[in-house]
Amino acid sequence: MKLILLGAPGAGKGTQSAKISEKYNIPAIATGDILRGAIKEGTELGLTAKGYMDAGKLVPDEIVVGIIKDYLSTEACKNGFILDGFPRSIPQAEALDAMGVKIDVVLSIEVPDDKIIARMSGRRVCHCGASYHVDYIPPKVEGICDKCGAELYIRADDCAETVANRLKTFHAQTEPLKTYYEAKGILATVEGQEEVADTTALVFAALDRVNA
Ligand code: AMP
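Under the numbering used here, the first residue of the sequence shown is numbered -6, with each subsequent residue one higher.
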C-alpha cells in the first residue's frame, strides 16, 4: 500500500503513521523527522531547513522532493510506504506524480484549528521519534520517554507563534491537496478524535475499505 497522510500540524499524522506502519508492515517516511535529524547533525541541509522551520514556513520544494526521491528508491519502500508530511503543496504532489509513483490512497485527518492549538501546546517529543501529549498520550513517567528512557522536550516549532504560522501555511499551501487528490478519486477523510485509539479505529476502517 502506498499511502499519503494529510492533515494540519498536530492532527496526529505521526501517531497514526506509526500505527499503520506496524499493522501493514510498511515504512513511514516523515519529512519533518528527516529535516530535524539533519538540523541535529548540523549538516548543510539542516542549516538551510532550520530557518524555514522555525518560521513555520515550508522548506523549499527542491530540497524535500530530493529527500523523497532518495527514500522512495530504496528497497525498503518497494512493497509500499506511508508518506507523513509530504507532499505539502501542489508542486510537491506534481513532483511525486512526475516520479511515476502511483499512490493508492490519501488519508486526510481532519482536526479543527482550535483543537490543533490546544494539542500543540501539550505535545512532548523524544529524540527517538516518539511523541506524547501531556493530557491525551502521557508517558508512564512524566517527562520521560516510554520507549527509550530519554528526557522529553518541546519541539522548537511548537511555540504559539510558530504554530499560528504553520496553521496558516497548512491552509494556504497544503489543504488544496485535498481537492487535488479528490479529483483523482483517491482521497479518504477521517475526523480526528479525542482518543488516539478512536482515530486509529477510523483510520484502519478507511484503509480496510480501500484494500477490500
Ligand atoms: P512536521 O514534523 O511534519 O510538522 O514538519 C515540521 C516542519 O518541517 C514544517 O513546518 C516545515 O517547515 C518542514 N517540512 C516538513 N515536511 C515538509 C515538506 N514536505 N515540504 C516543506 N517543508 C516541510
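We treat Cβ as the ideally placed atom computed from N, Cα and C, and that holds for glycine.
Check	Outcome
Any non-hydrogen atom of the ligand AMP within 7 Å of Val196 CB	no
Gly78 beta carbon less than 8 Å from that of Ala23	yes
C-alpha distance - Ala4 paired with Ala86, whole-angstrom precision	20 Å
Residue from Leu76, Val57, Tyr129 with nearest C-alpha to Lys6	Leu76
Cβ pair Leu180, Ser114 closer than 8 Å	no
As assigned by DSSP and simplified to three states, the class of Tyr129	coil
Closer than 7 Å: Phe74 CB and nearest the ligand AMP heavy atom	no
Nearest-angstrom Cα separation, counted from Arg117 out to Lys33	17 Å
Collapsed DSSP secondary structure at Asp47 in the structure displayed	helix
Chain-order list of residues whose beta-carbon lies under 8 Å from that of Thr155 (same chain, five-residue window excluded)	Asp47, Ala48, Gly49, Ala149
Residue environment, Gly93, which counts as buried when at least 16 other CB atoms sit within 10 Å	exposed
Beta-carbon proximity list for Lys97, same chain, < 6 Å, skipping 5 on both sides	It should be pointed out that residue 97 corresponds to Asp in this sequence rather than to Lys. Excluding sequence neighbours, Asp97 sits near Met(-6), Lys(-5).
Backbone secondary structure at Thr230 - three-state DSSP	The structure shown does not extend to residue 230, since the chain is modelled only from -6 through 205, so no value can be given for it.
Straight-line Cα distance separating Gly136 from Ile61	32 Å
Beta-carbon proximity of Ser82 to Asp54, cut-off 8 Å	yes
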